[in-house]
Structure formats: structure tokens, C-alpha cells
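Taking it in order: structure first as C-alpha cells, then the write-up.
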Amino acid sequence: MHKEEGECKLKEEEAYLRAVDVDYSFHLAKRMEQYKCNEALGYRTAGSRAEWETGEMICREMEAIGLERVRKDEISLDSWEFKQAILRFHDASGQMKECQLGAYQTDFHTDGFEEFTIVCGGKGTAADYEGADVSGKLVLAEINQREEWWINFPVYEAHIRGAAALIAVQGGGYGEVDDTALNAQDIGGPADAPAFSMSRADARALKESMAGTGEKKVWFCADSTVKTGAVSYNIVGEIPGRDRESMILLSAHYDSYFSGFQDDNAAVALMLGIGRALIQSGYRPEKTIVFCAMAAEEWGMADSKYDWSTGAWQQVSVVHPEWRGKVAADFNFELPAHAHGKKDAIRTVYEYADFLESLLKGTGVGKDVYPEGVAVLCPVETMSDDFSMAISGIPSMVNDFTSGQFMETHYHTQFDNDDYYDEAVYRFHHELYGCLVMAFDRTAVAPLNFERLFLALKDSLDLDYSEKTGAGGERLKELTEEGARLGKAVYEKVCRINENYRRILREAKEKQGPDQIQIYRRAKEYRENCRELETVLMKLFKKEQDCFVRLDWHDEVCFPQEAVRRNLKLVRTAVECLENGHGRCALEAIYGIDNNRYAFQFGEEVFRHFTDYVMNQEAGRLQWGAGRIVHHENLFHLVQLLKGKLEEEDEDFTEELLILKRVEENQLACYLDDIEYMNHAIEKMIQKLKEITENESWKVTDCTE
Numbered sequence: 001m002h003k004e005e006g007e008c009k010l011k012e013e014e015a016y017l018r019a020v021d022v023d024y025s026f027h028l029a030k031r032m033e034q035y036k037c038n039e040a041l042g043y044r045t046a047g048s049r050a051e052w053e054t055g056e057m058i059c060r061e062m063e064a065i066g067l068e069r070v071r072k073d074e075i076s077l078d079s080w081e082f083k084q085a086i087l088r089f090h091d092a093s094g095q096m097k098e099c100q101l102g103a104y105q106t107d108f109h110t111d112g113f114e115e116f117t118i119v120c121g122g123k124g125t126a127a128d129y130e131g132a133d134v135s136g137k138l139v140l141a142e143i144n145q146r147e148e149w150w151i152n153f154p155v156y157e158a159h160i161r162g163a164a165a166l167i168a169v170q171g172g173g174y175g176e177v178d179d180t181a182l183n184a185q186d187i188g189g190p191a192d193a194p195a196f197s198m199s200r201a202d203a204r205a206l207k208e209s210m211a212g213t214g215e216k217k218v219w220f221c222a223d224s225t226v227k228t229g230a231v232s233y234n235i236v237g238e239i240p241g242r243d244r245e246s247m248i249l250l251s252a253h254y255d256s257y258f259s260g261f262q263d264d265n266a267a268v269a270l271m272l273g274i275g276r277a278l279i280q281s282g283y284r285p286e287k288t289i290v291f292c293a294m295a296a297e298e299w300g301m302a303d304s305k306y307d308w309s310t311g312a313w314q315q316v317s318v319v320h321p322e323w324r325g326k327v328a329a330d331f332n333f334e335l336p337a338h339a340h341g342k343k344d345a346i347r348t349v350y351e352y353a354d355f356l357e358s359l360l361k362g363t364g365v366g367k368d369v370y371p372e373g374v375a376v377l378c379p380v381e382t383m384s385d386d387f388s389m390a391i392s393g394i395p396s397m398v399n400d401f402t403s404g405q406f407m408e409t410h411y412h413t414q415f416d417n418d419d420y421y422d423e424a425v426y427r428f429h430h431e432l433y434g435c436l437v438m439a440f441d442r443t444a445v446a447p448l449n450f451e452r453l454f455l456a457l458k459d460s461l462d463l464d465y466s467e468k469t470g471a472g473g474e475r476l477k478e479l480t481e482e483g484a485r486l487g488k489a490v491y492e493k494v495c496r497i498n499e500n501y502r503r504i505l506r507e508a509k510e511k512q513g514p515d516q517i518q519i520y521r522r523a524k525e526y527r528e529n530c531r532e533l534e535t536v537l538m539k540l541f542k543k544e545q546d547c548f549v550r551l552d553w554h555d556e557v558c559f560p561q562e563a564v565r566r567n568l569k570l571v572r573t574a575v576e577c578l579e580n581g582h583g584r585c586a587l588e589a590i591y592g593i594d595n596n597r598y599a600f601q602f603g604e605e606v607f608r609h610f611t612d613y614v615m616n617q618e619a620g621r622l623q624w625g626a627g628r629i630v631h632h633e634n635l636f637h638l639v640q641l642l643k644g645k646l647e648e649e650d651e652d653f654t655e656e657l658l659i660l661k662r663v664e665e666n667q668l669a670c671y672l673d674d675i676e677y678m679n680h681a682i683e684k685m686i687q688k689l690k691e692i693t694e695n696e697s698w699k700v701t702d703c704t705e
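Just so we're aligned: 684 in the UniProt record's numbering is position 684 of the sequence shown, and the numbers increase by one with no gaps anywhere.
The following block contains the structure:
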């Protein structure tokens, strides 16, 4: 499967590959479907009875395949139990039609079927409610969460206008596989603003029955319960290694929407399939290999922008913070039994890109399944648990699952089922990741290369702008180059250390009896001599995650200065537009500044709520997003001023120019602070890297001799 320092397939890899049984994994994934909140649609949601039952089943399965120290780690979260949502109405022919609806993580109950008036609410924007009274009514709205806005904005707009609930129809972006598709996503909003999902086919029949009136009497039966301060459990098992202080983690989440075959039953089964094959092959790891089935990945925190990945965040930040520095790598799995394109990819942190590329290089790996091979992408993204792992100080990776059309078509719909199971892809991922686990297991020091990080930082700089503003960008460029040079030197030293370590392990595996025991004792001493170096490297990794990983308002990962620099470009464009009397052009630029695009479509209360809950909410409820957005420009009133002047054909933009120039000054101050902050952080990292390369007290010579 991979080439490792001249070894293509060690005997251990060959034994592992023979032990892989994808039929076992497939049937395990199918067995997980039996536990459901909603008998008609499935769903296995955070803190629900179905999630608990699935966790119990996973516990039993871990014990059955031979994992040790199987346990349930309790985590705190908000729970959601969705039992049903059924809408009845008379269609255009007068026949009673019954529709199954999907739901979002909100609280809503009826006493059996209750009568409601449902109204067409366009796209659910503020303008769609002009002249309308929706108090106590259901609002039907079309959304496109990929190209326009997330579900929470139209839902909260409906809520503050007194609507009983909003029923969303996917106009595009998600659920495109079929007109009967329902869709589910994290709500990102308060539990008391109810929301449900209807298919395009059912919505079309409903609208046709309205006969142009825009509203209709319907009967609705729903049972959706959100509770704060609940608990769930992450399920953990181990293959003990010779070294109990150093670990490799495999993770996948066991909550799901609908039946969740790909997302994420197949991933949990892949994880346990790897563990089962390792055990059956007789593999004895050096590091302890930990398997963790995470609860509440899809959602687990009410009224938070960062409401997903709750189980993983709790596991490494609250339950086991001591894992930081001990877990050399996390292999996270998502949607692994479907080919998302002709090229597969491993998405990882910058620091592991080189090591992974070296393992994949020149092997022709996976060409029969992925004709264009396997790429390594970085950095990790926010869509899955590996992001929570990385920012907690555990270098992580995930099989890339966002590149193909599956996300737009089947993802989070009832069509995520085994009809789209690809056995060859599934087998390949069992083989690839099992062998990668063994490759990481044969490292004495985590193979972190900070060179790639510093080069990415350098590429993110706008040196011309920094020079114009006196931001110290040239100094930052020099520091990133120095950091890259030192990062490469340290990585080369780590590679030599690990090469020596693998040589000792190979020698041990060729011996038996007392000779083998003696060599393994030498390997242990070698690891112990290197432990301090690994500790320093892991602390450096955690520091760079703290210092350099930021998010923009659309959950994209960026470096600290990037969002502000983008804002400054847009502000300057808006200023120039107004100076030339082009108000519409200015609005187009303002649309891209922070989250101000929502000021164009939704009311101030909605805009303020979803700004304040990022900037002013306690860190515990922001989870992995806490502190990742540092700056914000509230331009709601500026947007309204400009929109009003466009309607009135007023081209006097004096007031608006003053506002924008103040914004520009403020953003420039933020930019200067960000550059200074990064300079200071890199200087500290460089100092540590120099100590590794130069300081005898690190005992590196003991490892490399």
C-alpha cells in the first residue's frame, strides 16, 4: 500500500491486508441503521435514545472484536429528539395528501394533528413579509444554503414575526438528487424558533393547491424536543501498545440524519474494521491505538454558530485534555464508501503533508479505484471532527469527502443509503488507512514539518499593501522564510531519528525469544530519549494552532490577517465607488465585508442576534469556534442608508463616505495589530526551533547516534 524507507509491503502490512474484511464492515454499518428516533425517516440525534442505543451496540462490538479498556466517556451537550413531523392537506384534486417532513434542531410539539394556516414566504427574507401577518402560521420558504444563506436566518426572521414555524424547501445547493429529497443541517440558531424541511415535490403540490391565494389550511403533527444540559457518550476502545504514553487515535461519529449510511455509519464501521483487521493479523503496536466513536458531530449545542462537532470538542477539551501532546495523530473518517471523484485525497494539517506525501509517493496507490491517484490537501476544514482535534493540539487528518457532487446531491438526505455503496472504494480505504496507522506507529517522534506552515503563511501575505501601510510585512516575510528553513531542518532531523527507530524495530521483528526482548527494550529506551523532543514539537503545533488558525464569517479557515485584508480591499472599493457616485457598486463591495451580506436580506434583530452570538457568547457554547473570529464591522445601518438613497436616486454620499473611512481606519488598525501579533508569534516559534537544532539539552544526539 505504501513505500516506507525502501519497504513496500512489510510482513505486517501483508498480514493486515489479508485480514481486512469489508463485508464485516458493511454489515456493521447496516446494523447501525436499526436505531432511529423517527420510525419513518431514521435520524440518530445528539443525546437521543437512538444515539444511546447505538453507543451501547458499539460498546459491545468493540469488545467482540477484541478491543481493550472499552468504555463510555460522558460528555455534556444539548440534546435533540425528533420523533415525527407530518403535514396533511387537500391537494389540487381535493384528495388528502400526507407528507413526511424532515426537521432541524428546534423545539415544537402539537397535540396530534392541529390545524394551521400555511403561507408562502418566498425566500424568507424581511422583504417577503412586507404587508403580511404570519402570526401563528406556518411559513413555507425556499432556501439555498450553499449559494445564499444558512437556514437560521429565514427561520429566525419568521420567529420574530410570530410564525409558528418555518418549513424550508431546498431550492438548490443541497438535496439535489431528487425532488422528493428532504434535507437536514445544523440549525445554527435558537431552539424556540422551529424549523422543518419539505421536499420540492411536496411543496410543489402544496403550492398548486393554493390556487394563487398564497395560503392554505393544513393539519400538522410534530414532535421535536430540544433539551439543554443533557449528556451523551463517546465510545472508546484500545489496542494497547508497548508505549502507553503515546497514542494514535481513530475517530468517526455515530450520530446521523436519516439512515446515514455514508455519513457516518460506514465511517464508524471502517474504523472498527481497521481495528478488527489489526487484531486478527496479530499486529502488536508500539503506540496505543485508540478508537473513538464520537457522539453529536452533526449538532450538539443550541443557538451557537459552532453547534456541530460537539462530541469531539468535548472529548479532547473537557474529558481528556491530557490527550494533547500524547496523541501523535488522529485519523478521522467521513463518508468513506463512495468515490467523490477520480482522485482521492487525504486532508490534513500543514505539518503532516510531507510525511503523508512521502508514504504515498511512487507506489501507484489506489490507481484501480482512483485513476488520478491520491492527493494530500491542507489545512483541515471545519466540516468534520478533525478540525476540533487539530485546534486542541492533536495533529489530524480525514479522508477528503467534500470534493465531489455527493455533497450537493445525497448528503444529509434520505438518499444517503447503501444504494451508493462502492465496495472497491471501501476496501481501498480499509487498506490505505490501516497501513498509514502502522506507518505512524513506527515513528519515535511525531513527523511534524513546520516548513509547509510557514510557506503557506508567506503565500498569504500582501507585501505591497504591507509596505504602503507600514505594517511590517517585509519583516514577517523574512520570519516566515527563517521559520520554513528551521522547520525543514528539524523535520530532516526527525526523519533521521525515525529511520533509526524503524531499523531497530525491523531488527527486533527478525529475532525471537530473549534477543527480541532485548532489542525491544532498546527501542523503548530510544523512544524515551526522544520523548522530550516530541513534547516540544507537539507544544509548537498547539501554539501555531492557537496563533494562526482563524475563521471568517463563513467558517472558512484563514490566517489572522487574511479576513481583515479582504475587508480593507472591499472597503477601499466601496469608497472609490461612492466618490464616483456609484452607490450600487459600493453596496456590492460592502456585501462581502464580514457577515454584512445578511444586512441586505434580513431585519436588524436577526442580523444582530447572529452577530452577537459569535462575538459575545461564552466560550463554552462557542466550542471550537471560540476566539477564531476576532474582528467585526457592523454595517447594517450603512447598508440601509445606501439602499434608501438608491431608491430615492439620491447621489449625495457624504455621510456614507465618512462612515466607510472610519471603517477603513479601524480595519487598518486591526490589520497592523494582526501583522505585529504574527511577527511576535513566529519569533517565539523560531526560537524554539533553533533550540531543537542547536541546544544540546534537547538530547537529540542521544536519538540520532
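Backbone N, C-alpha and C define an ideal beta-carbon position, used for all residues, glycine too.
With a 10 Å radius around its C-beta and 16 neighbouring C-beta atoms as the bar for buried, classify residue 376 as buried or exposed. Its Cβ being crowded by 16 or more others within 10 Å, residue 376 is buried.
Which listed residue (150, 130, 568, 82) has its alpha carbon closest to that of residue 468: When 150, 130, 568, 82 are compared, the shortest CA-CA separation from residue 468 is found for 568.
Starting from residue 663 and walking both ways along the alpha helix (DSSP H), at which residues does that stretch end? It spans 654 to 694 - the alpha helix (DSSP H) in which residue 663 sits, taken as one unbroken run.
What residue range is occupied by the uninterrupted alpha helix (DSSP H) comprising residue 209? Bounds of the alpha helix (DSSP H) holding residue 209 are 200 to 209.
Would you call the region 298 to 311 and the region 205 to 222 in contact, with 3 or more CB pairs under 8 Å? Counting Cβ pairs under 8 Å, fewer than three are found: no touch.
Could you check where the beta strand (DSSP E) with residue 405 kicks off and where it finishes? Premise fails: residue 405 is in no beta strand (DSSP E) and is neither H nor E.
Own chain partners of residue 599 with C-beta closer than 6 Å, once the 5 adjacent residues on each side are dropped: Within the same chain, residue 599 has close Cβ partners 607, 636, 639.
Going by the beta-carbon positions, is the gap between residue 40 and residue 80 smaller than 8 Å? In this structure, residue 80 does not lie closer than 8 Å to residue 40 by Cβ.
Does residue 186 pass the burial test, meaning 16 or more other C-beta atoms within 10 Å, or should it be called exposed? With 16 or more other Cβ atoms within 10 Å, it is buried.
Spatial distance of residue 623 from residue 313 (CA atoms): If you take the alpha carbons of residue 623 and residue 313, they lie about 7 Å apart.
For the region 183 to 202 and the region 91 to 108, state whether three or more C-beta atom pairs, one from each stretch, are separated by less than 8 Å. In short, these stretches touch, since the Cβ pair count reaches three.
Could you spell out where the beta strand (DSSP E) holding residue 237 opens and where it closes? Annotation: the continuous beta strand (DSSP E) that includes residue 237 extends over 215 to 239.
Could you check whether the region 531 to 540 touches the region 651 to 666, counting it as contact only if at least three pairs of C-beta atoms, one from each stretch, sit closer than 8 Å? No, they do not touch.
Can you tell me whether residue 93 is buried or exposed? The criterion is at least 16 other CB atoms within 10 Å of its CB, across all chains shown. Exposed: under 16 other Cβ atoms inside 10 Å.
Looking only at DSSP bridge pairs, what is residue 359 linked to? None; residue 359 has no bridge partner.
Is there contact here, the region 195 to 209 with the region 259 to 269, by at least three beta-carbon pairs under 8 Å? Inter-segment contact for the region 195 to 209 and the region 259 to 269 is absent: fewer than three beta-carbon pairs are separated by less than 8 Å.
Start-end ranges of the beta strand (DSSP E) lying completely within the region 4 to 36, minimum 3 residues: Runs found: none.
For the candidate residues 448, 594, 550, whose alpha-carbon lies nearest to that of residue 678? Measuring from the Cα of residue 678, the nearest candidate turns out to be 550.
Of the choices 141, 359, 223, 115, whose alpha-carbon is the least far from that of residue 155? Residue 155 has its Cα closest to that of 141, out of 141, 359, 223, 115.
Considering only the beta carbon of each residue, do residue 135 and residue 102 sit closer than 8 Å? Residue 102 sits away from residue 135, with the two beta carbons spaced by 8 Å or more.
Could you tell me how far apart the beta carbons of residue 325 and residue 16 are, in whole angstroms, since I believe they sit closer than 8 Å? Not quite, the Cβ-Cβ distance comes to about 28 Å (not below 8 Å), so this is no contact.
What whole-angstrom Cβ distance do residue 665 and residue 572 have, given they're in contact under 8 Å? With a Cβ gap of about 12 Å, residue 665 and residue 572 do not count as contacting.
In or out: residue 95 buried (at least 16 other Cβ within 10 Å) or exposed? Using a 10 angstroms sphere on the CB of residue 95, the tally of other CB atoms stays under 16, which defines it as exposed.
Note the first and the last residue of the continuous beta strand (DSSP E) segment covering residue 118. In this chain, the beta strand (DSSP E) harbouring residue 118 covers 114 to 120.
Just curious, the beta strand (DSSP E) that residue 79 is in, first and last residue? That run of the beta strand (DSSP E) goes 68 to 90.
In or out: residue 200 buried (at least 16 other Cβ within 10 Å) or exposed? Of the other Cβ atoms in all chains shown, 16 or more fall within 10 Å of the Cβ of residue 200; this residue is therefore buried.
For residue 504, I'd like the list of residues in its chain whose CB is within less than 7 Å of its CB, leaving aside the five on either flank, ordered along the chain. Here the set comprises 519, 522, 523, 526.
Neighbourhood of residue 184 by C-beta, 6 Å cutoff - its chain only, sequence neighbours within 5 removed: Cβ within range, chain order: 102, 257, 412.
Helix, strand or coil for residue 137, going by three-state DSSP, please let me know. It is coil, neither helix nor strand.
Could you compute how far the alpha carbon of residue 88 sits from the alpha carbon of residue 57? Straight-line Cα distance between these residues: approximately 36 Å.
Give me the Cα-Cα distance between residue 690 and residue 378, rounded to the nearest whole angstrom. Residue 690 and residue 378: Cα-Cα distance of roughly 25 Å.
Output the distance between the C-alpha atoms of residue 165 and residue 148, rounded to the nearest integer angstrom. Each residue's alpha carbon lies about 21 Å from the other.
Looking only at C-alpha atoms, which of 84, 506, 575 sits nearest to residue 589? Nearest of 84, 506, 575 to residue 589, Cα basis: 575.
Can you list the alpha helix (DSSP H) stretches of 4 or more residues lying completely in the region 420 to 466, in chain order? Uninterrupted alpha helix (DSSP H) stretches at least 4 residues long and entirely within the region 420 to 466 occur at 423 to 441, 451 to 459, given in chain order.
Those runs of the alpha helix (DSSP H) which lie wholly inside the region 259 to 333 and span at least 4 residues: Fully enclosed alpha helix (DSSP H) runs of 4 or longer: 266 to 280, 310 to 314.
Kindly indicate the opening and closing residues of the alpha helix (DSSP H) around residue 539. 513 to 548 is the extent of the alpha helix (DSSP H) around residue 539.
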